[in-house]
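Participant: Quick one: the structure is below, and I'll ask about it shortly.
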Amino acid sequence: MRPVVGRRILLGVTGGIASYKAVSLARLLAQAGAEVDVVLSRAAREFVGAITFEAVTGRPVLGGLLDEGQALAHIRLAKAADLVVIAPATADLLARAAHGRADDLLTAVLLATRAPVLVCPAMNDGMWAHPQVRANAERLQSFGYAVLEPAIGPLAFGEGVGPGRLPEPEAIVAHCARLLQGTTPLSGRHVVVTAGPTREPVDPVRFLSNHSSGRMGAAIAAAAWRRGARVTLVHGPLAVPLPIGPAAIAVETTREMHDAVAAALADADVLVMAAAPADFAPATVAASKLKKGGEAPLLPLAHTPDILVGTRAARPAGLVAVGFALETEALEANAAEKLARKGLDLIVANDATDPDAGFGIDTNRVVILDAHGGRDALPVLTKDEVAEHLLDRISGVIGGRQG
Ligand code: CTP
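Residue numbers (our numbering): 693 to 1095.
Written out as structure tokens, the structure is:
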């Protein structure tokens, strides 16, 4: 993941049931290309051994403030870190950090560092609800720390379900990436992305749809969020998990997607139509299931609304509009025609017959055309890489509009 590659992340682990999940977090961060320095509190060592973290990060694990030869470890670590993340953060850590204590290596690092800090509290739901704990979390936020709300879910054995769970390591990694990215041209912008197919009902049990998985749109939404945007993802039924970060609005039909996009556009800065909405719907929807006895039915079809065209009047001034074109012939000529007809700034053209591009696979080979005749033919890339390229281009258009 681009913002994480080559960055130095200090992972502080404090002693709670969720400490074991910090091993997966350390591993994911290291796999994403970060250098991970793990600092374990004394209590954390009772839950997970240092050797486990050393094995997944390939780096020594630190512990005590005054360990042999480590007298200035807190200063060295604090200066080297691009990001400090504390996961899990116990109620005790929140209290000590909120009050400027420096009685162990981790709290000393917190005072010494100027890097962004992400705190991930995890504890029993009753403790998390206590005003003392909430006040400490709020105090940390007032110092500029990012505090990730605990997830709602099963707590420690026998403790039932409630808010207090450490969010999944993948979610913490996504937050780390967003913090590492710093300020970008998309920071604070509202980016609306569509993804996936739509479904047009035939009768109560059948529908017309297409092979779109939503992978490209989900990758764009995730990457825009990592760049600091507020992202609304309007999506049909997806074959991939929802990305972490964007606000998701689920729709079924092209009409519903049209209406959701129109509503989201009110304060949008960017629209990326990566969805493959169905272009036709049955002219009428049968009220009861079509039975197979007798003649096979003929289905008269009607056009669905074109979302880019139909919402054009609702675009705020200065909005950057991006479409996709999936073609089986005359790729660039058809894409250029759609760019003009749909009033777009950029269009991403891909060939449905190319085995490296299209629905349901991880890679894409695209040509990005712009409204001024510019043409950018990219090699075969993963959909994540295409998303990053496209966001670079969108950032360029935003920059051009400001300048
Ligand atoms: N699109 C849209 N509303 C539709 C269908 C498509 O806004 N009802 C958007 C797509 O999300 C994409 C762009 O329009 O960004 C081009 O989609 P594509 O399917 O390539 O073209 P169509 O306009 O559907 O034309 P055709 O199917 O004839 O190629």
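Backbone N, C-alpha and C define an ideal beta-carbon position, used for all residues, glycine too.
Computed from a prediction, not measured in an experiment: that's the story for all the values here.
What is the C-beta distance between Pro808 and Ala838, in whole angstroms, given that I count them as a contact (C-beta under 8 Å)?
Facilitator: As a first step, residue 808 is located in the sequence shown; it is residue number 116 there, counting from the start. As a first step, residue 838 is located in the sequence shown; it is residue number 146 there, counting from the start. Confirmed, about 7 Å.
Participant: Return helix, strand or coil for Met949, following the three-state DSSP convention.
Facilitator: Along the sequence shown, one-based indexing puts residue 949 at 257. Met949 falls in the helix class under three-state DSSP.
Participant: Could you name each continuous alpha helix (DSSP H) segment of 4 residues or more that falls completely within the segment 788-837, going from the start of the chain to the end?
Facilitator: Entirely contained in the segment 788-837, the alpha helix (DSSP H) runs reaching 4 residues are, in chain order, 797-804, 817-821, 823-834.
Participant: At which residues does the alpha helix (DSSP H) containing Asn1042 begin and terminate?
Facilitator: Position 350 of the sequence shown, counted from the start, is the residue given in the question as residue 1042. Counting along the chain, Asn1042 falls outside any alpha helix (DSSP H), though it belongs to the beta strand (DSSP E) covering 1038-1043.
Participant: Determine the closest residue to Asp796 out of Ala736, Ala1005, Thr924, Ile912, with distance taken between C-alpha atoms.
Facilitator: In the sequence shown, residue 796 corresponds to position 104, counting from 1. The shortest Cα separation from Asp796 among Ala736, Ala1005, Thr924, Ile912 belongs to Ala736.
Participant: So for Thr996, helix, strand or coil by DSSP?
Facilitator: Residue 996 sits at position 304 when you count from the first residue of the sequence shown. Correct three-state label for Thr996: coil.
Participant: For Ala1044, is the classification buried or exposed, using 16 other Cβ atoms within 10 angstroms of its Cβ as the cut-off for buried?
Facilitator: Sequence index remark: in the sequence shown, residue 1044 carries index 352 (1-based). Exposed: under 16 other Cβ atoms inside 10 Å.
Participant: Express the C-alpha separation of Glu738 and Arg1067 in angstroms, rounding to a whole number.
Facilitator: Within the sequence shown, residue 1067 is the residue found at index 375, counting from 1. Within the sequence shown, residue 738 is the residue found at index 46, counting from 1. Rounded to the nearest angstrom, the two C-alpha atoms are 58 Å apart.
Participant: Looking at Ile999: is its Cβ nearer than 8 Å to the Cβ of Thr946?
Facilitator: Sequence index remark: in the sequence shown, residue 999 carries index 307 (1-based). Sequence index remark: in the sequence shown, residue 946 carries index 254 (1-based). In contact: Ile999 and Thr946 (Cβ atoms closer than 8 Å).
Participant: What does DSSP give as the partner residue(s) for Val1014 in the beta ladder?
Facilitator: Position 322 of the sequence shown, counting from 1, holds the residue named residue 1014. Its beta-bridge partners are Val964, Leu1038.
Participant: Secondary structure at Val923, three-state DSSP: helix, strand or coil?
Facilitator: Position 231 of the sequence shown, counted from the start, is the residue given in the question as residue 923. Strand, per DSSP.
Participant: Let me know if Ser980 comes out buried or exposed under the rule of 16 or more other beta-carbons within 10 Å of its beta-carbon.
Facilitator: Mapped onto the sequence shown, residue 980 falls at position 288. With fewer than 16 Cβ atoms within 10 Å of its Cβ, Ser980 is classed as exposed.
Participant: Name the DSSP bridge partner or partners of Ile844?
Facilitator: The residue labelled residue 844 in the question sits at position 152 within the sequence shown. In DSSP, Ile844 forms a bridge with Pro855.
Participant: Quick one: what's got a C-beta closer than 7 Å to Ala1104's C-beta in the same chain, skipping five residues either side?
Facilitator: Residue 1104 lies beyond the residue range present for the chain, which begins at 693 and ends at 1095; the question has no answer from this structure.
Participant: With which residues is Ile1060 paired in a DSSP beta bridge?
Facilitator: Position 368 of the sequence shown, counted from the first residue, corresponds to residue 1060. In the DSSP output, where bridge partners are listed per residue, Ile1060 has Val1040, Asp1068.
Participant: Relative to the ligand SAM, is the shortest distance from any of its heavy atoms to the C-beta of Pro974 smaller than 7 Å?
Facilitator: The ligand SAM is absent from the structure shown, which contains only the ligand CTP.
Participant: For Leu1038 and Gly1015, what's the separation of their Cα atoms in angstroms?
Facilitator: Translated into the one-based positions of the sequence shown, residue 1038 becomes position 346. Translated into the one-based positions of the sequence shown, residue 1015 becomes position 323. Cα to Cα, Leu1038 sits roughly 7 Å from Gly1015.
Participant: To the nearest whole angstrom, what separates the beta carbons of Pro859 and Leu840, a pair I think is in contact under 8 Å?
Facilitator: Counting from one through the sequence shown, the residue named residue 859 turns up at place 167. Counting from one through the sequence shown, the residue named residue 840 turns up at place 148. Yes, they are in contact, since the Cβ atoms of Pro859 and Leu840 sit about 6 Å apart, within 8 Å.
Participant: Just tell me which of Pro992, Val777, Arg1007, Ala747 has its CA closest to the CA of Ala978.
Facilitator: The residue given as residue 978 occupies position 286 in the sequence shown. For the residues Pro992, Val777, Arg1007, Ala747, the minimum Cα distance to Ala978 belongs to Pro992.
Participant: Can you give the Cα-Cα distance for Arg891 and Gly1091, rounded to whole angstroms?
Facilitator: Taking the first residue of the sequence shown as position 1, residue 891 is located at position 199. Taking the first residue of the sequence shown as position 1, residue 1091 is located at position 399. Cα-Cα distance, rounded: 37 Å.
Participant: Assess, as a yes-or-no matter, whether the segment 936-944 is touched by the segment 843-855 under the definition of 3 or more beta carbon pairs within less than 8 Å.
Facilitator: Result no; under three Cβ-Cβ pairs closer than 8 Å.
Participant: Taking Cβ positions, are Ala843 and Ile936 nearer each other than 8 Å?
Facilitator: Working through the sequence shown from its first residue, we reach residue 843 at position 151. Working through the sequence shown from its first residue, we reach residue 936 at position 244. Not a contact, by the Cβ cut-off of 8 Å.
Participant: Could you check how far apart the C-beta atoms of Gly961 and Val1001 are, in whole angstroms? I think they sit under 8 Å.
Facilitator: To locate residue 961, count along the sequence shown from 1; it is residue 269. To locate residue 1001, count along the sequence shown from 1; it is residue 309. Before going further, note that residue 961 is Asp rather than Gly in the sequence given. Not confirmed; about 20 Å, so no contact.
Participant: On a Cα-Cα basis, can you pick out the residue from Arg826, Ala931, Asn816, Trp820 that is closest to Gly850?
Facilitator: To locate residue 850, count along the sequence shown from 1; it is residue 158. Of the listed residues, the one whose Cα sits closest to Gly850 is Asn816.
Participant: Leu764: buried (16+ other C-beta within 10 angstroms of its C-beta) or exposed?
Facilitator: For the purposes of this step, residue 764 is taken as residue 72 along the sequence shown, with counting starting at 1. So Leu764 counts as exposed.
Participant: So who's on the other strand from Glu1097, going by DSSP bridges?
Facilitator: In the structure displayed, the chain extends from 693 to 1095; residue 1097 sits before or after that span and is not available.
Participant: Return the bridge partner residues of Asp895 from the DSSP annotation.
Facilitator: Along the sequence shown, read from residue 1 onward, the residue named residue 895 stands at position 203. DSSP, once it has assigned bridges, lists Arg898 as partnering Asp895.
Participant: Should Val801 and Val728 be called a contact, given that it needs their Cβ atoms to be closer than 8 Å?
Facilitator: Mapped onto the sequence shown, residue 801 falls at position 109. Mapped onto the sequence shown, residue 728 falls at position 36. No, they are not a contact pair.
Participant: Could you round the C-beta distance between Leu703 and Leu717 to whole angstroms and report it? I think they count as a contact, below 8 Å.
Facilitator: In the sequence shown, the residue the question calls residue 703 occupies position 11. In the sequence shown, the residue the question calls residue 717 occupies position 25. Confirmed, Cβ separation roughly 7 Å.
Participant: Taking DSSP as the reference, what is the three-state secondary structure of Glu1024?
Facilitator: Numbered from 1 along the sequence shown, position 332 holds the residue referred to as residue 1024. Note: Glu1024 maps to helix in three-state DSSP.
Participant: Can you tell me where the beta strand (DSSP E) with Val1078 in it begins and where it stops?
Facilitator: For the purposes of this step, residue 1078 is taken as the residue at position 386 of the sequence shown. Premise fails: Val1078 lies in the alpha helix (DSSP H), 1075-1094, not in any beta strand (DSSP E).
Participant: Just curious, the beta strand (DSSP E) that Val777 is in, first and last residue?
Facilitator: Taking the first residue of the sequence shown as 1, we reach residue 777 at position 85. 775-781 is the extent of the beta strand (DSSP E) around Val777.
Participant: Going by DSSP, what residue range makes up the beta strand (DSSP E) through Phe972?
Facilitator: What you label residue 972 is simply residue 280 of the sequence shown in a count that begins at 1. Unbroken beta strand (DSSP E) run through Phe972: 972-974.
Participant: Leaving out five residues before and five after Val825 in sequence, what residues of the same chain have Cβ atoms less than 7 Å from its Cβ?
Facilitator: As a position in the sequence shown, residue 825 is number 133, starting the count at 1. Here the set comprises Ala783, Leu786, Met819.
Participant: May I ask you to list the residues that DSSP assigns as paired with Val865?
Facilitator: On the sequence shown, position 173 is the one that residue 865 refers to. Note: Val865 sits in no beta bridge, so no partner.
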